[in-house]
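Reviewing the structure listed below.
Residue numbers (our numbering): 1256 to 1412.
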C-alpha cells in the first residue's frame, strides 16, 4: 500500500490535470509513433517500432503510478490546521544561527516541492526537523553538508 500524500487544492488540481493529459494526448502521441514505425515495414528489425513500444510501456507505468498517487492523495483543509506549530502547508521563517541568514519555506508534498518558489517537501531533512516545532525553538538539523542550527522565527499559513 502506498503512503498517503497531502496536497493543497491547487496541487491536487495540477496532479489531476497532468494525469488527464497523459491519458489523452500522451497516449494518442505514442499511438501515432507506433503507427508510423509499423508503416516502415518488417517489425522484427524495426528499431523505431521497438523504441515506440518501450515508450508506450513507460508511459503506461507513469499513468499507473500517478493514478495510485491520486488514489492516496488527501486534500488538506488549511482552516483546521493548528498555527501554533509547524505542520504540512505551514510557511516557516527560520534563521540560520551560524551565518544569520533568514529563509522562508512552505512545507508541501513531494510532488508540489519547488525550491524556486520556496516550497520544500515534508520529506526533506529541513522539513522533517521543523515538523511539530514552535516559534522561538532552536533546532539542530542534519543536512548533507553537516549539522545546522536554526531558530524558528515565524509560523503561518
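Idealized CB from N, CA, C, for every residue including glycine.
For residue 1384, which residues from the same chain have a beta carbon less than 7 Å from its beta carbon, with the 5 sequence-adjacent residues on both sides left out? 1394 and 1396
Closest by C-alpha distance to residue 1271, when choosing among 1345, 1322 and 1390: 1322
DSSP puts residue 1261 in a beta bridge; with which residues? 1329
Beta-carbon contacts of residue 1329 that lie in its chain and below 8 Å, excluding the five residues immediately before and after: 1259, 1260, 1261 and 1262
Burial state of residue 1367, where buried means 16 or more other Cβ atoms lie within 10 Å: buried
Using only the alpha-carbon positions, how far apart do residue 1277 and residue 1319 sit? 10 Å
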